[in-house]
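First residue of the sequence shown: 0, per numbering that gives the first Met the number 0; consecutive thereafter.
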Amino acid sequence: MSLLFQREPFGKILERTLADFLAVRFGQPFRVTWRQGTRNGRDGSQSWLCNPYLNIIFRPGIQREPLLPAIYEFSRSARPWRTPLNMLYVALATGRIGARCLANATVDIEPPLFHAEEMVIIGGNHHIRLLDYHRRCCCVITKSGFCDVFRQNEIAVRRSYPYLPAPRIVECGEKGNWYSEELILGTPVNRLKDQRQAREAVRQIVPRLFALYESTQKTKRVDEYVGNIVGRIDLLIGRNHLLSHPQRENLKGVVKKLARSAVEQPGDISIVQAHGDFQPANILVGDGGPWLIDWEYTTRRQSGYDGLVHVFSSRRSSGLALRFREALAGSTMADSLLSSWPGMEWRDHGRRRATLALFLLEEMDLKLTENDNPLFTFLDAGFQSFSHELASIIPLMESC
0 MSLLFQREPF GKILERTLAD FLAVRFGQPF RVTWRQGTRN GRDGSQSWLC NPYLNIIFRP
60 GIQREPLLPA IYEFSRSARP WRTPLNMLYV ALATGRIGAR CLANATVDIE PPLFHAEEMV
120 IIGGNHHIRL LDYHRRCCCV ITKSGFCDVF RQNEIAVRRS YPYLPAPRIV ECGEKGNWYS
180 EELILGTPVN RLKDQRQARE AVRQIVPRLF ALYESTQKTK RVDEYVGNIV GRIDLLIGRN
240 HLLSHPQREN LKGVVKKLAR SAVEQPGDIS IVQAHGDFQP ANILVGDGGP WLIDWEYTTR
300 RQSGYDGLVH VFSSRRSSGL ALRFREALAG STMADSLLSS WPGMEWRDHG RRRATLALFL
360 LEEMDLKLTE NDNPLFTFLD AGFQSFSHEL ASIIPLMESC
């Protein structure tokens with residue numbers, strides 16, 4: 000949530016999103032107010048504390064169970080030396096005394112919500128989640144002013160393929176801008192201490208992804224597919240109000256170079272319905288799992304897309320150039336996984352190079368789509384990091 004503050008007027012967006020949703024959900028008007036600090040609000044309002052570092056908004060005196068996802072996720076760190084510090088901060092930030100001290104903003108809701116001490120609100124890139132432990136459901140709400148195509152795609156795919164390892168969708172709003180799903184409790188595999196358990200969770204998830212690919216696979220000429228992506232990217236670059244003229248020209252030049260590399264191996268490629276965000280943070284262990292959550296980026300991509308997202312940790316752009324250098328040299332640790340991924344010819348150097356160029360175009364398409372929002376005041380930090388890494392990756396692609 001702290002990163003969202005940098006790119007958008009999060010407080011105003013939250014006010015409109017929650018007020019509209021609660022009015023529909025409970026059949027009466029609601030007033031939602033975001034304010035800095037943790038002083039008491041107006042008489043009759045219900046105050047919720049916001050801790051942006053734990054990405055949660057909750058009531059003082061909240062029961063422990065609704066806090067467990069944040070406790071499980073943030074108590075551990077990918078860097079072992081930070082785990083004790085994380086555990087200390089989480090304990091203080093979710094405790095009855097420390098919660099108010101470590102919160103930096105408040106959300107006032109009126110009229111008050113019943114059973115609010117059994118609820119928690121979580122911010123996201125495109126949506127707000129309301130976890131309701133009293134009703135045992137999670138409501139996923141498209142943020143006000145945001146395109147709801149992500150949400151509609153997700154609902155369509157999850158309903159069409161019920162074997163997917165995702166929580167069951169319970170209810171959808173009439174306008175398609177929110178849905179509720181079964182509430183699950185789990186720990187992301189990147190936060191697990193037992194790496195064997197993490198690897199086993201991935202091993203169980205992958206076959207069901209492959210089943211989705213088999214059900215949705217279509218063949219397309221690579222030059223046609225690349226042309227479609229380049230066309231979308233050109234439109235997104237042209238209408239983004241935050242890109243400077245030099246940035247636009249630089250991106251266009253990068254796109255041309257990647258497109259040339261992507262079509263060096265002519266012929267057909269396999270296009271499938273991908274999860275779109277197959278990263279460890281979205282693979283949960285526990286509560287009947289493993290589960291694969293956050294299907295909002297699901298779309299049609301080259302068949303190896305999910306494997307590439309997972310192997311290259313592409314949602315964490317920092318260090319991406321180094322990981323690409325290893326892959327282009329054929330020394331990547333991911334060779335065994337990608338070599339067995341459907342539709343991939345990973346051990347063929349020429350195909351590998353073309354696949355990686357196409358993957359970067361698909362990633363640019365996604366990141367520009369994410370930033371295609373007139374409400375944003377700054378480009379997303381992930382997009383800026385990705386652009387920086389591209390400056391090092393392009394020379395690698397040209398030299399190999």
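Beta carbons are placed, not taken as given, at the ideal position from N, Cα and C, and that holds for glycine.
Residues that DSSP places opposite Asp267 in a beta bridge: Arg220
Is Gly285 near Thr354, with beta carbons less than 8 Å apart? no
Starting from Val412 and walking both ways along the alpha helix (DSSP H), at which residues does that stretch end? Given that the chain is displayed from residue 0 to residue 399, the structure contains no residue 412 and the question cannot be resolved.
What span of residues does the alpha helix (DSSP H) with Leu2 cover, start to end? Ser1 to Arg6
Below 8 Å CB to CB, which residues in the same chain sit around Ile393 once its five sequence neighbours on both sides are set aside? Val253, Lys256 and Leu257
If I'm right that Met363 touches Ile232 with Cβ under 8 Å, what's the distance once you round it to whole angstroms? 6 Å
Three-way DSSP call (helix, strand, coil) for Gln45 in this model: strand
Checking 8 Å against the spacing of the C-beta atoms, do Arg324 and Ser260 come in under that value? no
Top-ranked residue by Cα proximity to Pro373, from Met0, Arg6, Ser1 and Leu2: Arg6
Could you check if Ser313 is buried or exposed, using at least 16 other CB atoms within 10 Å of its CB as the buried criterion? buried
Starting from the Cα of Glu117, find the closest Cα among Arg167, Tyr52 and Leu130 and give me that residue. Leu130
Contact set for Pro289: own chain, Cβ-Cβ below 7 Å, skip 5 residues either direction: Pro164, Ala200, Gln203, Ile204, Ile282 and Leu283
Assign His239 to buried or exposed, taking buried as 16 or more other Cβ atoms, counted over all protein chains shown, within 10 Å of its Cβ. Checking the sequence, you will find Asn at residue 239 rather than His. The residue in question, Asn239, is buried, as its Cβ has 16 or more Cβ neighbours within 10 Å.
Compute the Euclidean distance between the alpha carbons of Arg58 and Leu365, then round it to the nearest angstrom. 35 Å
Is the CB-CB distance between Glu153 and Glu295 below 8 Å? yes
Taking only the alpha-carbon atoms, compute the straight-line gap between Leu91 and Val23 and give it to the nearest angstrom. 35 Å
Closest by CA to Gly306, which one among Pro51, Asp293 and Ser339? Ser339
Indicate the three-state DSSP secondary structure (helix, strand or coil) for Ala102 in the structure shown. coil
Using only the heavy atoms of the ligand MN, determine whether one of them is closer than 7 Å to the beta carbon of Lys142. In the structure shown, the ligand MN is absent, as is every other ligand, since no ligand is present at all.
Give me the Cα-Cα distance between Trp80 and Met86, rounded to the nearest whole angstrom. 11 Å
Is Ala115 closer than 8 Å to Thr93 when the C-beta atoms are compared? no
How would you label Glu388, buried or exposed, when you count the other beta carbons within 10 angstroms and need 16 or more for buried? buried
C-alpha gap between Ala104 and Gly26, whole angstroms: 27 Å
In DSSP terms, what Glu109 is bridged to: Arg30
Quick one: grab the DSSP three-state call for Arg128. strand
What's the C-alpha gap between Ala356 and Ala326? 12 Å
Select from Ser386, Arg300, Pro279 and Arg30 the residue whose C-alpha is nearest the C-alpha of Arg220. Arg300
Within 10 Å of its beta-carbon, does Glu361 have 16 or more other beta-carbons around it, so buried, or fewer, so exposed? buried
Determine which residues share a DSSP beta bridge with Asn50 and list them. Ile55
Could you tell me which of Phe377, Leu2, Ala18 and Ala210 sits nearest to Pro110, measuring between CA atoms? Ala18
Pairwise C-alpha distance: Ser386 and Arg95: 42 Å
Give me whichever residues DSSP pairs with Ile282 in a beta bridge. Leu291
Going by DSSP, what residue range makes up the alpha helix (DSSP H) through Gly303? Counting along the chain, Gly303 falls outside any alpha helix (DSSP H), and DSSP gives it neither H nor E.
Determine the DSSP secondary structure at Ser338, reduced to helix, strand or coil. helix
Bridge partner(s) assigned by DSSP for Ile168: Glu180
Looking at Ser159 and Val169, is the spacing between their C-beta atoms short of 8 Å? no
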